[in-house]
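Asker: In order, the protein sequences belong to chains A and B. Per the working numbering, the very first residue in the first sequence carries number 1; after that it's consecutive. Per the working numbering, the very first residue in the second sequence carries number 1; after that it's consecutive. Idealized CB from N, CA, C, for every residue including glycine.
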Amino acid sequence: MLEIKDLHAEIDGKEILRGFNLTVPKGEVHAIMGPNGSGKSTLAYVLAGKEEYEVTRGSVTWDGKDLLAMSPAERSHAGVFLAFQYPMEIPGVASLTFLRAAMNAQRKAHGEGEISIPDFMRRVRTEAERLSISMDMLKRPVNTGYSGGEKKRHEVLQMALLQPTLCVLDETDSGLDIDAIRIAADGVNRLRSPDRAMVVITHYQRLLNYIVPDVVHVMAHGRILHSGGKELALELEETGYAAYRTEGA
Amino acid sequence: MTIHQTTIRPAVTPAEQRFLDLYAAVSGKLPGASSAAVRAWRDSAVDAFTMLGVPHRRVEEWKYTDLRTLMQEVHPLGGLSPKAADVSVEAAIGKSLAHLDAYRAVFVGGRFRPDLSTVQNAHGVTFEPLRQALEDDGASAQAIAKLTLRHRDVVAALSTAFATDGAILAVSPKARLEKPIHLIFISTDEKPALYALQHAISIGEEAEVSLVETHGAHQSQAISHTRLAIGAGASVKHVRLVAGEASKHLASAAVTLAERAHYEPLQMAVNGALVRAEAAIRFEGPNARCHYTGAMLLRGHSHADFTLVVDHDAPGCESRELVKAVLDGKSRGIFQGKVIVQRGAQKTDGKQMANALLLSDDAEFDSKPELEIFADDVVCGHGSTAGQLDQDMMFYLLARGIPEADARSLLIAAFVGEALDKIDNEALQEALNEEIAAWLAKDPKHA
């Protein structure tokens, strides 16, 4: 279970998260929706451990473990995975090299030996095919020269290969057309399982047509203002975020 | 009024005196000492050296590499004794390079070692050790003695004065060598010595050749000068690797390209107490091309200076320079890139770029581009960047569970790896990647 209590976080002295509370049991998918600037991406980065964000108060535990005390790599080993809104381009590092390094790092952290190259290639091929990713693309440097859709599918590919237990998806739909959203969402849905929790951050409701959440939270001004079922997302699509923009400002 | 040069000769400083004393002590024992022509050749080089002096920071070409401070002693000249030391090439330069499938010319402690070499058997190549040529006092010695020095090239002057050996290599026109020619330079280091070599390489028209030079680690001082003449339409790839923390390596090369010739040098330095690799590349015929790449990986107090003078003296030629420098500790990396476009060299296309990755606050990168353009229809440009590891890229790798040290290594290898991209010999590329990996594995920041 993910438990976030009274989380306050700031960047460059500016407070972004202001008493954020959230509980996501395993097996559930929670959507976090909110207007631009509400702190959604900050939440994602704080969960993954990005250095520039300073947590000033509160706690985050995953499976009872204190995430805030861990380095980004340790969090990853503990099962945390952030699907980036803007995946980094890493020129000079072939995606296959990167994927193997990441998989081996996970295995090492769990006391397993390195994956053999044939096993690795087999797994990558299977998952890539499901996501309509070509092996040629994976021979190219990480995210370099990939289209917007390719970058997002590459994030889902990593998720499928690393099999995290806490998935945080930051605007996985942004910049994608409907077909691309469907492919990415199918990939995410395949990972839904009773021992996996997911936090899906999105500005628009449309992604939630494909990844149907158990709970929808509305976030503004650095905290959750309202929670409800999946129908809340549809309501927001109708009414917009105007009501939340003024509240608490 | 003409002033004779000797009247403005500067006072000889102790730095110069050490070389002059050494020359006085060894000149009678050098190969070719009995030949008047060879002696005159060496004496004139000593005169040139006396004029130039030991370069220091007020000499523009040596602005960042002050030999008066970096080379305060001159070791006894090595390579005079015919005693062949028992050496292992593999131990000296590593397994991958030692076993690179190539025609080898191995020099140990300033002398060619036929017993360790195979270059003699290469088809389409004639090879003669410089020592042999000078001692025979035949036609080749006479030809060598006529070679003139490159202007203001103090390394060439010292190499000429003291050379105990070298490679005289000629590749026949149209020859397509299926394997690289691998020049290997190692030292026995029983006692630190000064090693001086000089090479003359000519590539026949339309020939295709891959040259590899591996300069192994040593405690000594190595001085070398290479003349490389590339014939019309010929294509030459030339990798030079200088490795070793204690190595002191002073090299200069004078390269000429005839029309349509292609030259692709890759100069690489992996640490080094003092590495100076200078190349003067001159386009003598139209439509020739030179793509130079430099790569340096330095830490500790390493110092590497890549200095390049590209002289466009013919129209329609293309020059590209790319330098990738990874600098850690208190190391210092230098790239001086001068491009000259002579009056008749219209349609010249010259670009240079230097990128430095600074891994420590105490490391320093000096990049000095110079353009001297006397033609009006040319495209020339240069750029330089210096930065640290990209923290967003680091975070992306860390967030996937890759430990920090491995993430650093991946990013550093990717940065410098761009320099190795164009090597089409897989075994060679792999061997150079191993050098990079070995350097990364010694990262003090590795847990």
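#1: Given that residue 353/B touches chain A, what residues does it touch there, using C-beta distances under 7 Å?
#2: Considering only residues of the region 120–151 of chain B, which uninterrupted alpha helix (DSSP H) runs meet the minimum length of 4 residues and lie entirely inside it, listed in chain order?
#3: Ends of the alpha helix (DSSP H) at residue 178/A?
#4: For residue 70/A, decide whether its Cβ has a neighbour in chain B, counting only Cβ atoms nearer than 8 Å.
#5: Please go through the same chain and pick out, in chain order, the residues whose beta-carbon is closer than 6 Å to the beta-carbon of residue 364/B, but skip the five residues on each side of it.
#6: In this structure, does DSSP put residue 164/B in helix, strand or coil?
#7: Please determine, among 194/A, 226/A and 32/A, the residue with the shortest C-alpha to C-alpha distance to residue 168/A.
#8: Nearest chain B C-beta to residue 84/A closer than 8 Å, yes or no?
#9: Using CA coordinates, which residue listed in 23/A, 48/A, 191/A and 8/A is at the minimum distance from residue 85/A?
#10: Which residues in the same chain as residue 27/A place their Cβ atom closer than 6 Å to its Cβ, once the five residues preceding and following it in sequence are excluded?
#11: Do the CB positions of residue 54/B and residue 67/B come within less than 8 Å of each other?
#12: Going straight from the alpha carbon of residue 244/B to that of residue 188/A, what length do you get?
#13: For residue 299/B, report the span of its alpha helix (DSSP H) as first-last.
#14: Report the residue from 326/B, 128/B and 391/B whose alpha carbon sits nearest the alpha carbon of residue 385/B.
#15: Closest to residue 60/A by CA distance: which of 9/A, 45/A, 29/A and 5/A is it?
#16: Cβ closer than 7 Å: which chain A residues qualify as neighbours of residue 484/B?
#17: Relative to the C-alpha of residue 170/B, which residue among 16/B, 125/B, 79/B and 129/B is closest?
#18: Can you pull out the residues from the region 105–129 of chain A whose beta carbon lies closer than 7 Å to at least one beta carbon of chain B?
#19: Could you tell me if residue 154/A is buried or exposed, where buried requires 16 or more neighbouring beta carbons within 10 angstroms of its beta carbon?
#20: For the region 152–164 of chain B against the region 213–220 of chain B, are there 3 or more C-beta pairs whose distance is under 8 Å?
#21: With a Cβ-Cβ cutoff of 8 Å, do residue 295/B and residue 419/B count as a contact?
#22: Taking residue 76/A as the query, report the chain B residues whose CB atoms sit under 9 Å from its CB, ordered along the chain.
#23: Can you tell me whether residue 248/A is buried or exposed, with buried defined as 16 or more other CB within 10 angstroms of its CB?
#24: Exposed or buried, what is residue 72/A when buried is set at 16 or more other beta-carbons lying within 10 Å of its beta-carbon?
#25: Count the CB pairs spanning the region 180–189 of chain B and the region 103–120 of chain B that are closer than 8 Å, and state whether there are at least three.
#26: Taking residue 418/B as the query, report the chain A residues whose CB atoms sit under 9 Å from its CB, ordered along the chain.
#27: Given this structure, state the Cα-to-Cα distance separating residue 249/B from residue 110/B, to the nearest angstrom.
#28: Span of the alpha helix (DSSP H) holding residue 268/B?
#29: My output table needs one value for residue 366/B: the three-state DSSP class, helix, strand or coil.
#30: In three-state terms, what does DSSP make of residue 72/B?
#31: Along the region 146–164 of chain A, where does the CB come closer than 8 Å to a CB of chain B? Name the residues.
#32: Taking 8 Å as the cut-off, does the region 37–55 of chain A touch the region 209–217 of chain A (at least 3 CB pairs, one atom from each stretch)?
#33: Pick out whichever of 130/A, 172/A and 161/A has its Cα sitting closest to the Cα of residue 105/A.
#34: Where does the unbroken beta strand (DSSP E) through residue 185/B begin, and where does it stop?
#35: Kindly confirm or deny that the region 277–295 of chain B and the region 395–407 of chain B touch, where touching means at least three C-beta pairs closer than 8 Å.
#36: Going along chain A, which residues have a C-beta under 8 Å from residue 414/B?
Answerer: From the atom records:
#1: Translated into positions along the second sequence, residue 353/B becomes position 353. In chain order: nothing, as chain A lies at least about 14 Å away.
#2: 130–136 and 139–145
#3: Counting from 1 along the first sequence, the entry for residue 178/A is found at position 178. Taken as a continuous stretch (DSSP letters only), the alpha helix (DSSP H) holding residue 178/A covers 178–190.
#4: Here the question's residue 70/A lines up with position 70 in the first sequence. Output row for residue 70/A: interface = no.
#5: Counting from one through the second sequence, the residue named residue 364/B turns up at place 364. 332.
#6: Here residue 164/B refers to the residue found at position 164 of the second sequence. Coil at residue 164/B, not helix or strand.
#7: As a first step, residue 168/A is located in the first sequence; it is residue number 168 there, counting from the start. Of 194/A, 226/A and 32/A, the residue nearest in Cα terms is 32/A.
#8: Within the first sequence, numbered from 1, the residue matching residue 84/A stands at position 84. Closer than 8 Å: yes.
#9: What you label residue 85/A is simply residue 85 of the first sequence in a count that begins at 1. Looking at the Cα atoms, 48/A is the closest of the given residues.
#10: Against the first sequence, residue 27/A aligns to sequence position 27. Correct list, in chain order: 194.
#11: Taking the second sequence and counting its residues from 1, the one referred to as residue 54/B is at position 54. Taking the second sequence and counting its residues from 1, the one referred to as residue 67/B is at position 67. Yes, Cβ-Cβ distance for residue 54/B and residue 67/B is below 8 Å.
#12: By 1-based counting over the second sequence, the position of residue 244/B is 244. By 1-based counting over the first sequence, the position of residue 188/A is 188. Rounded to whole angstroms, residue 244/B to residue 188/A spans 51 Å at the Cα level.
#13: Locating residue 299/B in the second sequence gives position 299, counting from the first residue. Careful: residue 299/B lies outside any alpha helix (DSSP H) and carries neither H nor E.
#14: For the purposes of this step, residue 385/B is taken as residue 385 along the second sequence, with counting starting at 1. It is 326/B whose Cα lies nearest to the Cα of residue 385/B.
#15: Position 60 of the first sequence holds residue 60/A. For residue 60/A, the nearest C-alpha among the options comes from 5/A.
#16: This structure cannot speak to residue 484/B, because chain B is shown only from 1 to 447.
#17: Taking the second sequence and counting its residues from 1, one reaches residue 170/B at position 170. Per the Cα distances, 125/B.
#18: 105, 106 and 109
#19: Residue 154/A sits at position 154 when you count from the first residue of the first sequence. Classification of residue 154/A: buried, given that the 10 Å Cβ count is 16 or more.
#20: no
#21: Indexing the second sequence from 1 puts residue 295/B at position 295. Indexing the second sequence from 1 puts residue 419/B at position 419. Contact flag set, yes.
#22: Counting from 1 along the first sequence, the entry for residue 76/A is found at position 76. Simply 398, 399, 400, 401 and 402.
#23: Locating residue 248/A in the first sequence gives position 248, where the first residue counts as 1. Since pLDDT at residue 248/A reaches only 46, below the 50 mark, its modelled position is unreliable, and no value is offered.
#24: Numbered from its first residue, the first sequence carries residue 72/A at position 72. Residue 72/A should be labelled buried.
#25: yes
#26: To locate residue 418/B, count along the second sequence from 1; it is residue 418. Going along chain A in sequence order, the residues near residue 418/B (Cβ under 9 Å) are 91 and 92.
#27: As a first step, residue 249/B is located in the second sequence; it is residue number 249 there, counting from the start. As a first step, residue 110/B is located in the second sequence; it is residue number 110 there, counting from the start. Going by the C-alpha atoms only, they are around 13 Å apart.
#28: By one-based count along the second sequence, residue 268/B stands at place 268. Looking at the DSSP string, residue 268/B is not in any alpha helix (DSSP H); the run it does join, the beta strand (DSSP E), is 262–270.
#29: By 1-based counting over the second sequence, the position of residue 366/B is 366. Residue state, collapsed to three classes: strand.
#30: Taking the first residue of the second sequence as 1, we reach residue 72/B at position 72. Coil at residue 72/B, not helix or strand.
#31: 158 and 162
#32: no
#33: Your numbering for residue 105/A matches position 105 in the first sequence. Residue 161/A is the option with its Cα nearest to residue 105/A.
#34: Counting from 1 along the second sequence, the entry for residue 185/B is found at position 185. Where residue 185/B is concerned, the enclosing beta strand (DSSP E) stretches over 181–186.
#35: no
#36: Translated into the one-based positions of the second sequence, residue 414/B becomes position 414. The contacting residues are 90, 91, 92, 93 and 141.
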